[in-house]
Amino acid sequence: MEKFLSLIRRSWKIGLLILFTATGFLHAEETVEAAAATAPSHLPVDFIWLLVTGFLVFLMQAGFAMVETGLTRAKNAGNILMKNLMDFCIGSIAYFIVGYGLMYGASKAGLFGTDNFFLNKANPGSVDGLWEYASWLFQVVFAATAATIVSGAMAERTKFTAYLIYSFIISLIIYPVSGHWIWGGGWLSKLGMIDFAGSTVVHSVGGWAALVGAIILGPRSGKYNAQGKPRAIPGHNIPLAALGVFLLWFGWFGFNPGSTLKFSNVIGHIAVTTNLAAAAGALMAMFTVWIIYRKPDVSMTLNGALAGLVAITAPCSVVSPVSSLIIGGAAGILVVLSVEFIDKVLKIDDPVGAISVHAVNGAFGTLCVGLFAESRFAEAAGFSPVSGVLFGGGWHQFGVQLTGVVSVAAWVLVTVSIMFLIIKHTVGLRVSREEELKGLDIDEHGMEAYPGFQIIN
Amino acid sequence: MEKFLSLIRRSWKIGLLILFTATGFLHAEETVEAAAATAPSHLPVDFIWLLVTGFLVFLMQAGFAMVETGLTRAKNAGNILMKNLMDFCIGSIAYFIVGYGLMYGASKAGLFGTDNFFLNKANPGSVDGLWEYASWLFQVVFAATAATIVSGAMAERTKFTAYLIYSFIISLIIYPVSGHWIWGGGWLSKLGMIDFAGSTVVHSVGGWAALVGAIILGPRSGKYNAQGKPRAIPGHNIPLAALGVFLLWFGWFGFNPGSTLKFSNVIGHIAVTTNLAAAAGALMAMFTVWIIYRKPDVSMTLNGALAGLVAITAPCSVVSPVSSLIIGGAAGILVVLSVEFIDKVLKIDDPVGAISVHAVNGAFGTLCVGLFAESRFAEAAGFSPVSGVLFGGGWHQFGVQLTGVVSVAAWVLVTVSIMFLIIKHTVGLRVSREEELKGLDIDEHGMEAYPGFQIIN
Amino acid sequence: MEKFLSLIRRSWKIGLLILFTATGFLHAEETVEAAAATAPSHLPVDFIWLLVTGFLVFLMQAGFAMVETGLTRAKNAGNILMKNLMDFCIGSIAYFIVGYGLMYGASKAGLFGTDNFFLNKANPGSVDGLWEYASWLFQVVFAATAATIVSGAMAERTKFTAYLIYSFIISLIIYPVSGHWIWGGGWLSKLGMIDFAGSTVVHSVGGWAALVGAIILGPRSGKYNAQGKPRAIPGHNIPLAALGVFLLWFGWFGFNPGSTLKFSNVIGHIAVTTNLAAAAGALMAMFTVWIIYRKPDVSMTLNGALAGLVAITAPCSVVSPVSSLIIGGAAGILVVLSVEFIDKVLKIDDPVGAISVHAVNGAFGTLCVGLFAESRFAEAAGFSPVSGVLFGGGWHQFGVQLTGVVSVAAWVLVTVSIMFLIIKHTVGLRVSREEELKGLDIDEHGMEAYPGFQIIN
């Protein structure tokens, strides 16, 4: 607890420092950039693209469910599946009643939206109505992605009721507000921040919330011995986890290329950079873990693919295919080192590596826009023709990106900390040690995931 | 057996009563409504929408296979998978040679179609030919859905040969004929019945057939003790079942929005209502079972999502998003109560809850058109601007819907009863008790689904 | 080893014989045919079709991974998953840097392409750039399919390092060169060979490589007893295998209909023939194995569906739906006989039946163009109006097809043999017998796929 509070306190200080510095040297040249994200489209082909890619993103829910189930123990499988299902159900409703309006409604001082709750501005049968509905569908599957990330880091010890409450709040308020800043016409979009498909908006929001959750919860029983040495707790079903990664990769072809929100000449380019980054991420994670542990570990390689995908999500439309290989490859190395660091140095227990995949690589990918962007791609993607540091653009864009990363992290770390502490001291956040040892399926849900199979947990 | 016959006899009487009453007060104002379902489309974008959504619906076969396998025992897993695969294979052929023509061919007295067998009217390379082929592909995956529903309720005790025969007959004749009444320009469509994507046409057809099958087969050995008290027989692989539900939900984005059969301004609205109903269904099923049994049961929650999806299938295009939450939520409550009622009061053994999900909620959803329809949505979706009871439209549309529900139920209950009784007295419908105890995989297929794993059945 | 060399020697002789004969009677009438495969498209709807179908083909990677994992033993599950993941990652990079240019770059004497390496001709933001990127994405998932097929036949005994090397080489050179001959404007396309979606280009390339690999590796320990009698080694997870087949079937709706590379009036027809062939393949494989072994075997039926899909891949656009039923059905029979022949007569150990599914049926399907093509379909699909032997077209087209089958087989058998022999004598191709018995997961990856489950291998 003390560790957590001091960590939060330190993050805050560093965050504010960077925030003010960055804002300082930026305020002179505020530009409006993010129009692409909210402009309505009008051709049938645009809507079909938006809806079909949205459907693919929905399937990522299955992907997350399979990854998280596969990488944890059999005795908690029913529980983690329920959490993955429920965050989407609860998130859908929260995002319908308030979240979407807060994120994309008319902006109040660049901080949050103020109308279109319950989709009440949508006009049935008209093209504008179609835009509102299709856009909501596309956005709700993104909101749910942010929420579902948290469940992985907090797996195998979180109370089910607590989970229902916090996933509701994340989709209702926390995700939409920072989302508004970047995608809803808010202050970060006005600064010129580029987060094309959501390395920060979606992944790092989920990742920072996961970090806070994992710290407040504490590690699983038996994860660290008396000397603080971590013990590996292997996932119970690697084929499910691998299936999950394939489903996520597939869904990412909706996530990134679909984030054009309508047909665009850049959708092919985005599909290519997305795919190359994932491939490079898996490959480099495998080599990294191979060098460190002398074995090409499967779980880590799977996480490498996801790390590459998360990292390319922000810059996918503004970097070259060769840069995407570099970004993805670096993400693959980074995820291995980060998992090790969090597990062994920080001693935070993240059963599936969600913090490393989504927070660390979400931040890294967002910064990569400031490093690897090329004006010819940025312009084609509808942004102003910015270039990153490595392509002669100087540090301006990097500063903007950093401002975005830090302010979103600050927003999430603070609000989520408050939320989790309130939950902890009211309904309770963690199951009893006895229940944890028995497995959450028995006490929380009165069932087993694999009755009939002989299982030693 | 006696119970079954008396049940059928009673259903018939009630059915005919309602049918004549309803038809009575309706015959004065027959209108042609269902044009949307058969009008050819002519733009590339229309065909891409129709085909891509059809592909998604195909994936529902995987969803059903995973749900049914996960919710039954390991010793029958190979068998249930084969049944799910085979009903699609056999159904594809049956629907190609006769079924499609019977459903969409030129109407004979509003009762069945009479041409386009073997797709022989399709002209290769022309736009009309494209329409015929794409339409067949879209419709065959719907036909297969109806057939596959039956396998769940009859799981773990049905002879494989019997299964092959009856799934052929369902796709060849039973499904197409009632389908013709509603979607093929038949008498129910002329009455003005609205079943947008098939709560009745697809789901309740499968559900009523499942009901008859489960009754004629009788319960699994050991399901009810000497006092008639039911014993829970838990499914062997909950992660597979959960994966199946995610795949079905994903496929439903093809099922409902794709049922426009071409690009339309309402596809976004349909995706939204579909998603919200599923979310509300899962949520309310969870709360209902939580209240009754003090635990949020996983299988029941999964069925709640499916119940919401089945219920919104008929009204998805004519109700508001808020109504879809209500419809889906009610379906979630209904499925729990129905499963309990069928299991404990009727003592019908339905291993996966197929009757409650598909028959009960298929009927409920179809009636919801008569309750929740709003003229602004109905008009936008290409129907005449009807309103349901709750939106000031009076009881007319409800009567039409009820007529449809009852007549399709009557059609299926009668024809399927005849079919199953003939099969029972010829090739036999049920495996021997010995075979059932050993598991169907060993005797029917000479294999095990999980060799190497230690399993206690 | 001797057996292998003599087999190769014989194939060579027969191959050359047929090649020269066929080329002999064809050289008089070389025509340019394959324009459809490389012509850029220019409408938004074309690109959306190309990308979405490409995404579906990507999901086939998950399908192959599940099929191969399910049909092999639990102790090797992590290894086979890694191989399936890695061939796509490595293949993506190999195909990006060299493969795509070699396959579709400007042709050098009809033998291979010579430019567009690293996609360096793609112009961001333009329609031409979109075409290059989208086309690459579509083609890379095909390339990966060819590579991944090999892993099934070589499962449970191949060194992981060796696997990484050879899948790189296949995607870098071997697949692209023969692909260039048929799809890249090379000599076979000029001869008029029709392989619409890749029965030969993709499947038989993978299948022949699998054949060579399985021969050079030798059978798994315990597969054949001292008398050479084969022992069945059942797959450990049939539900995963079945899921894989459903995913592959789903992906094939991208594979075949998407191979128009743009919107076309024939996409509906292709979806229909694809689906019917798969259905007939599963059905006939089931009946065949039922007759031979008195039981409808699940794995064989699953392979029957895949065999039907592979066989219809070349002729899908040029044959009637009724012919597709015949082709698929024949493929279903063929795959059973071929598996038996390879297992019992040739005594080659192919754990998942990849050689029979992909090489045998790839060749068969390609020849079916020469038997079943009808001019009305061929013309609609943009080919010259050829007819097959059974539709009065004479033996010309059959000869062309045979030439293609034989020359691609020769190319692959020779280059892959050289490659595998080099690998065998450098890094080594096969794990030690001790490692094989323990399972590859432990020694190669330091993990278990199902820790916690009681497993007897």
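Residue numbers (the numbering used here), protein chains in the order written: chain A, 16 to 472; chain B, 16 to 472; chain C, 16 to 472.
Positions of the beta carbon are idealized from the N, C-alpha and C atoms, including for glycine.
- According to the DSSP assignment, C:Ile197 belongs to the alpha helix (DSSP H) that extends over 190-198.
- Under the Cβ criterion of 7 Å, A:Ile248 is not counted among the residues facing chain C.
- B:Ile185 and A:Ser399 have their C-alpha atoms spaced approximately 59 Å apart.
- For C:Ile231 against C:Ser166, the beta-carbon gap comes to about 15 Å, at or over 8 Å, which does not count as contact.
- Exposure of A:Asp130 is indicated by the presence of fewer than 16 other C-beta atoms within 10 angstroms of its C-beta.
- Taking a C-beta cut-off of 9 Å against chain B, none of the residues of the segment 426-453 of chain C qualify.
- Contacts with chain B at 7 Å (Cβ-Cβ) include C:Pro336.
- Looking at the DSSP output, B:Phe127 sits in a beta bridge with B:Lys123.
- Under the DSSP definition of a beta bridge, A:Phe468 partners with B:Ile470.
- Secondary structure of B:Pro245 (DSSP, three-state): strand.
- Residue-level contact check: B:Ala257 touches chain A, since one or more beta carbons of chain A fall below 7 Å from its beta carbon.
- Note on geometry: alpha-carbon atoms of A:Leu382 and A:Gly228 lie some 24 Å from one another.
- The contact set of B:Phe278 on chain A, defined by CB atoms closer than 9 Å, consists of Pro59, Val60, Phe62, Ile63 in chain order.
- Taken atom to atom, the span from the alpha-carbon of A:Ser150 to that of A:Leu276 is near 8 Å.
- Residue state for B:Arg448 is assigned as helix, using DSSP reduced to three classes.
- For a Cβ distance threshold of 8 Å, residue set Phe70, Phe73, Leu74, Ala77 of chain C lies close to A:Phe265, ordered along the chain.
- Minimum Cα-Cα distance from A:Asn138 among the listed residues B:Ala395, B:Ile433, B:Asp458 corresponds to B:Ala395.
- Among the residues of the segment 384-395 of chain B, those with a Cβ less than 9 Å away from any Cβ of chain A are Glu389, Arg391, Phe392, Glu394, Ala395, in the order of the chain.
- In the structure shown, the three-state DSSP call for B:Thr173 is strand.
- The beta carbon of C:Asp458 is closer than 6 Å to those of Glu450 in its chain, skipping five residues each way along the sequence.
- Within the DSSP secondary-structure output, C:Tyr239 pairs in a beta bridge with C:Pro245.
- By the criterion of a C-beta distance shorter than 6 Å, A:Tyr308 is surrounded by no residue of its chain, once the five residues flanking it on both sides are discounted.
- Contacts with chain C at 7 Å (Cβ-Cβ) include B:Val67.
- Residue-level contact check: B:Val354 does not touch chain A, since none of the beta carbons of chain A fall below 7 Å from its beta carbon.
- By the criterion of a C-beta distance shorter than 7 Å, A:Ala170 is surrounded in its chain by Glu83, Thr87, Asn91, Ile95, Pro366, Val367, once the five residues flanking it on both sides are discounted.
- The alpha-carbon of B:Gly397 is positioned some 38 Å away from that of C:Leu324.
- If the five residues before and after B:Ile112 are omitted, its C-beta is found closer than 7 Å to the C-beta atoms of Phe132, Phe133, all from its own chain and listed in chain order.
- For C:Phe73, the enclosing alpha helix (DSSP H) starts and ends at 59-85.
- Here C:Gln469 is exposed. Its C-beta has fewer than 16 other C-beta atoms within 10 Å.
- Going by beta carbons, C:Asp312 and C:Ser182 fall outside the 7 Å limit.
- The residue among C:Phe387, C:Met97, C:Asp358 with its C-alpha nearest the C-alpha of C:Ser339 is C:Phe387.
- Taken in chain order, the whole alpha helix (DSSP H) runs of length 4 or more contained in the segment 293-369 of chain A are 313-328, 336-355.
- A:Gly201 places its beta carbon less than 7 Å from that of A:Ser122.
- Sequence-ordered contacts of the segment 137-149 of chain B with chain A are nonexistent [C-beta pairs closer than 8 Å].
- Just so you know, the alpha carbons of B:Ala378 and B:Thr215 end up roughly 6 Å apart.
- Minimum Cα-Cα distance from A:Gly243 among the listed residues A:Trp267, A:Pro234, A:Asp61 corresponds to A:Pro234.
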